[in-house]
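S.K.: Under mature numbering (1 follows the signal peptide of the UniProt record, and there is no 0), the residues of the sequence shown are numbered -23 to -1, 1 to 271, in order.
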Amino acid sequence: MKKSVIPLIFCMLILLTSCGKNSTDDNSSSAASEKESSAVTANADKSAVAQAKNESSSSIGPLTDLGSLDNTKQGWGQGTQVDSDKRPVSCTQFQNKYGKYSAVFIGDNTKKIYLTFDEGYENGYTSKILDSLKEKQVPAVFFVTYDYAKRNQDLVQRMIQEGHIVGNHSYTHPSMPTLSLSKASDEITKMHSYIKENFNYTMTLFRPPMGEFSERTLALAQSLKYKSVFWSFAYVDWNPQKQMGADKAYKKVVDSLHNGAIYLLHAVSKDNADILGSFIDKAKEEGYEFARLS
């Protein structure tokens, strides 16, 4: 009996020792697992904090750093003084001064010229202008306001379909420097959203209403991924009741040809609609290329 009990006791001791070892191993494994989990959590927390900081930094809006910039209103006009290449002196001066804000007053000193049309309201001539551009295979920029785009969706769609650029001329056509930063931003972004939502078209060029701007409004447009486009030629063509006649208008635009010219023409002008085709032919004859402004 004693001989049979001793082996039994010995076996039980072995089993107990084994269980104790397994229990210890399990506890060690559990502790290690918890330690590893804590480390992962800590790293994840650090990563989340870093990401939150990055998101916080990137979420700073475009208006944050603009308030310190000069908001003195300036009215743009190319003036009458020209250099030896017939390029308006004020245009090159302002290009050098404000080009850092993606502002364009005149193109490079090459035989390229650019046609731009301002569209505040429709006077029945835009279709004729588009016909001439299509016939001559010449690109143009049409700067439209919200009211114009809403009332003339077929014309805006045609501009896009025929390969022209549709530019942002603001939502309500205010003097941009007279607005708060948030309202000035709204003038650009609301117009941008309307064109995007209704025509699936993304605008990138902005023409300040009435040519009025400040350093701050140029920087604002740039922060919204826009170039501010001015002009190196304009004349009194915006009043339908005071047109000078086709012959005088033609002479005016031809005599002002110069390298890098950005022509501002108003589509409400009968003179512009009547002379456009002839002007394009003459400019090409003089060796100029009508380029796409971008």
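Cβ coordinates follow ideal geometry from the N, Cα and C atoms, glycine included.
Tell me, which residues are paired with leucine 242 by DSSP?
M.R.: On the sequence shown, position 265 is the one that residue 242 refers to. According to DSSP, which records beta bridges pairwise, leucine 242 is partnered with Phe94.
S.K.: The beta strand (DSSP E) spanning glycine 144 covers which residue range?
M.R.: Position 167 of the sequence shown, counted from the first residue, corresponds to residue 144. Its beta strand (DSSP E) spans residues 142 to 145.
S.K.: Could you give the DSSP three-state label for glutamine 220: helix, strand or coil?
M.R.: Residue mapping note: residue 220 aligns to position 243 of the sequence shown, counting from 1. Of the three classes helix, strand and coil, the one that applies to glutamine 220 here is coil, per DSSP.
S.K.: What's the call for glycine 84, buried or exposed, on a 16-neighbour Cβ count within 10 Å?
M.R.: Working through the sequence shown from its first residue, we reach residue 84 at position 107. It is buried - the Cβ of glycine 84 has at least 16 other Cβ atoms within 10 Å.
S.K.: Can you tell me where the alpha helix (DSSP H) with serine 162 in it begins and where it stops?
M.R.: The count along the sequence shown starts at 1 and reaches residue 162 at position 185. It spans 158 to 176 - the alpha helix (DSSP H) in which serine 162 sits, taken as one unbroken run.
S.K.: Below 8 Å between beta carbons: does that hold for glycine 144 and valine 118?
M.R.: Walking along the sequence shown from the start, residue 144 turns up at place 167. Walking along the sequence shown from the start, residue 118 turns up at place 141. For glycine 144 and valine 118, yes; Cβs fall inside 8 Å.
S.K.: So, helix, strand or coil for leucine 43, using DSSP?
M.R.: Position 66 of the sequence shown, counting from 1, holds the residue named residue 43. Reduced to three states, the DSSP call for leucine 43 is coil.
S.K.: Are the beta-carbon atoms belonging to leucine 46 and arginine 193 less than 8 Å from one another?
M.R.: Reading the sequence shown from its first residue, position 69 is the one you call residue 46. Reading the sequence shown from its first residue, position 216 is the one you call residue 193. A contact, by the Cβ cut-off of 8 Å.
S.K.: Can you tell me whether proline 65 is helix, strand or coil according to DSSP?
M.R.: For the purposes of this step, residue 65 is taken as the residue at position 88 of the sequence shown. Looking at proline 65 - three-state DSSP - the assignment turns out to be strand.
S.K.: Need the endpoints of the beta strand (DSSP E) that lysine 204 sits in, please.
M.R.: As a first step, residue 204 is located in the sequence shown; it is residue number 227 there, counting from the start. 204 to 206 is the span of the beta strand (DSSP E), which, as asked, contains lysine 204.
S.K.: Compare the C-alpha of serine 152 against each of Gly188, Ser162, Tyr125, Ala126 and name the closest.
M.R.: Here residue 152 corresponds to residue number 175 of the sequence shown, with the count starting at 1. Cα-wise, what sits closest to serine 152 is Gly188.
S.K.: What residue range does the alpha helix (DSSP H) around lysine 256 cover?
M.R.: Taking the first residue of the sequence shown as position 1, residue 256 is located at position 279. Looking at the sequence provided, one finds phenylalanine at residue 256 rather than lysine. Element bounds for phenylalanine 256: 247 to 262.
S.K.: Comparing alpha-carbon positions, which option in Ser104, Ser233, Tyr203 lies nearest methionine 136?
M.R.: Within the sequence shown, numbered from 1, the residue matching residue 136 stands at position 159. Of Ser104, Ser233, Tyr203, the residue nearest in Cα terms is Ser104.
S.K.: Which word fits arginine 64, buried or exposed, when buried means at least 16 other C-beta atoms lie within 10 angstroms of its C-beta?
M.R.: Numbered from 1 along the sequence shown, position 87 holds the residue referred to as residue 64. Buried is the call here.
S.K.: Just the C-alpha distance for phenylalanine 256 and tyrosine 227, rounded to the nearest angstrom, thanks.
M.R.: Here the question's residue 256 lines up with position 279 in the sequence shown. Here the question's residue 227 lines up with position 250 in the sequence shown. Spanning the two alpha carbons is a distance of roughly 7 Å.
S.K.: Look at glycine 237 and threonine 87 and say whether their C-beta atoms are less than 8 Å apart.
M.R.: Against the sequence shown, residue 237 aligns to sequence position 260. Against the sequence shown, residue 87 aligns to sequence position 110. Going by C-beta atoms, glycine 237 is nearer than 8 Å to threonine 87.
S.K.: Consider the C-beta atom of threonine 103 and the heavy atoms of the ligand PLP; say whether any pair is separated by less than 7 Å.
M.R.: By its list of ligands, the structure shown contains no ligand whatsoever, and the ligand PLP lies outside what it can speak to.
S.K.: Do the CB positions of tyrosine 98 and alanine 126 come within less than 8 Å of each other?
M.R.: Walking along the sequence shown from the start, residue 98 turns up at place 121. Walking along the sequence shown from the start, residue 126 turns up at place 149. Taking 8 Å as the Cβ cut-off, tyrosine 98 and alanine 126 do not qualify as a contacting pair.
S.K.: Can you tell me the Cβ-Cβ gap for residue 290 and phenylalanine 190, rounded? I've got them flagged as a contact below 8 Å.
M.R.: No information on residue 290 is available, as it lies outside the stretch -23 to 271 that the chain covers here.
S.K.: Just to confirm, are histidine 243 and aspartate 214 a CB contact at a threshold of 8 Å?
M.R.: The residue labelled residue 243 in the question sits at position 266 within the sequence shown. The residue labelled residue 214 in the question sits at position 237 within the sequence shown. Taking 8 Å as the Cβ cut-off, histidine 243 and aspartate 214 qualify as a contacting pair.
S.K.: Exposed or buried, which one is glutamine 218 when buried takes at least 16 other CB atoms within 10 Å?
M.R.: What you label residue 218 is simply residue 241 of the sequence shown in a count that begins at 1. Looking at its Cβ environment, which holds fewer than 16 other Cβ atoms inside 10 Å, glutamine 218 is exposed.
S.K.: Under DSSP, the beta strand (DSSP E) around valine 121 begins and ends at which residues?
M.R.: Taking the first residue of the sequence shown as position 1, residue 121 is located at position 144. Unbroken beta strand (DSSP E) run through valine 121: 118 to 121.
S.K.: Can you grab the Cα-Cα spacing for the pair aspartate 258 / leucine 158, in whole Å?
M.R.: Residue 258 sits at position 281 when you count from the first residue of the sequence shown. Residue 158 sits at position 181 when you count from the first residue of the sequence shown. Their backbone Cα atoms lie some 44 Å apart in a straight line.
S.K.: If I measure Cβ to Cβ from lysine 12 and keep anything under 6 Å in the same chain, skipping five residues before and after, which residues do I get?
M.R.: Translated into positions along the sequence shown, residue 12 becomes position 35. Low local confidence applies: a pLDDT of 38 at lysine 12 is under 50, so the model's placement there is unreliable, with the coordinate-based value given in what follows. Here the set comprises nothing.
S.K.: Our contact map puts aspartate 163 next to tyrosine 148 with C-beta atoms below 8 Å; I'd like the distance itself, whole angstroms only.
M.R.: Here the question's residue 163 lines up with position 186 in the sequence shown. Here the question's residue 148 lines up with position 171 in the sequence shown. About 7 Å; that satisfies the 8 Å criterion.
S.K.: Tell me, to the nearest whole angstrom, how far the beta carbon of alanine 196 is from that of isoleucine 165; I am working on the premise that it is less than 8 Å.
M.R.: Start at 1 with the first residue of the sequence shown, and residue 196 comes out as number 219. Start at 1 with the first residue of the sequence shown, and residue 165 comes out as number 188. The Cβ separation is near 12 Å, so there is no contact.
S.K.: Using only alpha-carbon positions, find the residue among Val66, Lys229, Ile90, Val133 that is nearest to lysine 261.
M.R.: Residue 261 sits at position 284 when you count from the first residue of the sequence shown. Nearest C-alpha to lysine 261: Ile90.
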